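Engineer: Residue numbers (full-length UniProt numbering), protein chains in the order written: chain A, 1 to 156; chain B, 1 to 156. The C-beta atom is built at its ideal place from N, Cα and C for all residues, glycine as well. Just so we're clear, the structure is a prediction, and the values are computed from it rather than from any experiment. Can you keep this structure in mind? I'll have questions shortly.
2 protein chains.
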Amino acid sequence: MREISIGEAARRSGIKVTTIRFYEERGLLPAPPRSDSGRRIYDTATVERLGFIRHARDLGFRLEDIADLLALQGQPGASCAPADSLARRHLSAVRERIAALRALETELERMVSGCDHTDTAHCRVIETLADHARCIADHPTGLTGELDTAGAGKAD
Amino acid sequence: MREISIGEAARRSGIKVTTIRFYEERGLLPAPPRSDSGRRIYDTATVERLGFIRHARDLGFRLEDIADLLALQGQPGASCAPADSLARRHLSAVRERIAALRALETELERMVSGCDHTDTAHCRVIETLADHARCIADHPTGLTGELDTAGAGKAD
DNA sequence: CCTACTTTCTACAGCGACTGTAGAAGCAAG
DNA sequence: CTTGCTTCTACAGTCGCTGTAGAAAGTAGG
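In structure tokens form, the structure reads like this:
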């Protein structure tokens with residue numbers, strides 16, 4: 001089985017068939033050779049490349065950054081500084097995200113624990129939402145989804 | 001200044017003009033009366049509604065859920081159980097997200113701390129990405145961006 | 001060989017929550 | 001009157017896919 005179909009590549013890499021074609025379109029994978037009837041033919045190297053991509057996606061890297069990392073991987077001997085700084089930047093983005101989510105967690109906890117469950121007129125959840133002043137110092141307003149993925153991998 | 005323009009409403013609420021129009025289209029705001037020349041005319045109640053929306057968005061609620069919360073707010077006397085359970089569900093989603101991001105943080109830390117910064121052939125970052133087996137037990141594969149917002153509020 | 005089923009192909013629309021663009025019109029001040 | 005700001009509508013783009021439609025090709029059983 002030296003010639004690998006797209007479906008087989010999907011099974012081996014854990015990336016869906018449609019997603020593989022999407023990655024090709026986005027330049028993460030080279031256009032593969034085709035069979036006489038026009039079907040994509042992959043090899044083990046491509047499957048490994050897909051594994052790389054999947055892992056990087058699981059870690060929340062953006063496709064654009066993954067393309068850069070793949071290019072670096074293909075240049076043995078080149079400095080790994082770009083890969084390193086990319087990973088570091090990503091790490092600090094993840095940390096910021098965690099901090100923001102923790103602040104959210106705190107305020108949501110206060111909201112749901114403070115509600116006496118009678119009716120909407122006295123609902124702490126709704127009151128709190130209506131009156132930002134009650135917690136304006138507690139949760140962040142200023143960082144928008146710059147890191148929205150993490151732990152991807154629905155995979156087939 | 002009883003009649004509030006969309007720009008003024010944006011300034012007061014911290015929500016961009018374009019986003020206000022977008023919220024109207026999505027049914028979070030009623031279609032406001034218009035001036036002779038067709039411009040939207042708001043009142044303080046709408047500005048407060050915008051504040052509610054903004055706060056809920058800052059907390060990461062989805063627009064669909066915010067619409068539900070707004071409907072509940074408008075029905076004093078109704079049970080707040082739906083609002084409560086919505087907030088609780090959201091809270092547990094936030095917690096899951098934090099846990100996933102912490103796992104990511106751990107692996108990213110290992111990646112960047114283990115790199116000796118020589119060249120790509122020995123780069124720990126790239127090696128780790130290429131070989132998922134090194135950490136397959138450490139980070140989650142299975143939960144995809146079901147909670148991707150948090151701490152929004154770029155706001156004008 | 002025929003039929004049924006699966007896989008693959010292309011091309012395009014949709015998700016969520018906006019943001020940005022284009023082009024036109026209204027409005028206020030100098 | 002001109003300049004410059006605001007507002008209007010309508011639509012495309014962001015990100016990382018997912019889902020759809022319709023067609024062609026491959027595979028298995030009778």
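1) For the pair the segment 69-84 of chain B and the segment 35-55 of chain A, tell me if three or more CB-CB distances fall below 8 Å.
2) In three-state terms, what does DSSP make of A/Ile4?
3) Compute the minimum distance between the beta carbon of B/Ser113 and the heavy atoms of the ligand HEM, and state whether it is under 7 Å.
4) Could you name the residues of chain A that B/Ala112 contacts, counting a contact when the two beta carbons are closer than 7 Å?
5) Tell me whether A/Ala71 is buried or exposed, calling it buried when 16 or more other Cβ atoms sit within 10 Å of its Cβ.
6) Quick check on A/Arg95 - is its C-beta less than 8 Å from some C-beta in chain B?
7) Helix or strand or just coil, what does DSSP make of A/Arg34?
8) Step through the CB atoms of chain A and report whether any lies within less than 8 Å of the CB of B/Val17.
9) Given a cut-off of 8 Å, decide if A/Gly38 and A/Val94 are closer than it, judged by their beta-carbon atoms.
10) Taking Cβ-Cβ distances shorter than 8 Å, what residues in chain A pair up with B/Glu107?
11) Identify which residue in B/Leu108, B/Glu105, B/His132 and B/Arg97 has its Cα closest to the Cα of A/Leu104.
12) May I ask you to list, following chain order, the residues of the segment 35-57 of chain B that have a beta carbon less than 8 Å from some beta carbon of chain A?
13) Taking only beta-carbon positions, decide if B/Ala121 is within less than 8 Å of chain A.
14) Provide the residue span of the alpha helix (DSSP H) that contains B/Ala78, from first to last.
Structural biologist: Taking the geometry as given:
1) Flag = no, the segment 69-84 of chain B and the segment 35-55 of chain A do not touch.
2) It is a strand residue.
3) The ligand HEM is absent from the structure shown, which contains no ligand whatsoever.
4) Residue 112 of chain B is actually Val in this sequence, not Ala. Those within 7 Å of B/Val112 in chain A are Asp84, Ala87, Arg88 and Leu91.
5) Exposed.
6) Yes, A/Arg95 counts as interfacial toward chain B.
7) Reduced to three states, the DSSP call for A/Arg34 is strand.
8) Output row for B/Val17: interface = no.
9) Taking 8 Å as the Cβ cut-off, A/Val94 and A/Gly38 do not qualify as a contacting pair.
10) Near B/Glu107 (Cβ distances below 8 Å), the residues of chain A are Leu59.
11) Taking the Cα of A/Leu104 as reference, the smallest distance to any Cα among B/Leu108, B/Glu105, B/His132 and B/Arg97 is reached at B/Arg97.
12) Of all residues in the segment 35-57 of chain B, only Glu48, Gly51, Phe52, Arg54, His55 and Ala56 place a beta-carbon less than 8 Å from a beta-carbon of chain A.
13) Yes, B/Ala121 lies at the interface with chain A (some Cβ there is under 8 Å from its Cβ).
14) Element bounds for B/Ala78: n/a, residue is neither H nor E.
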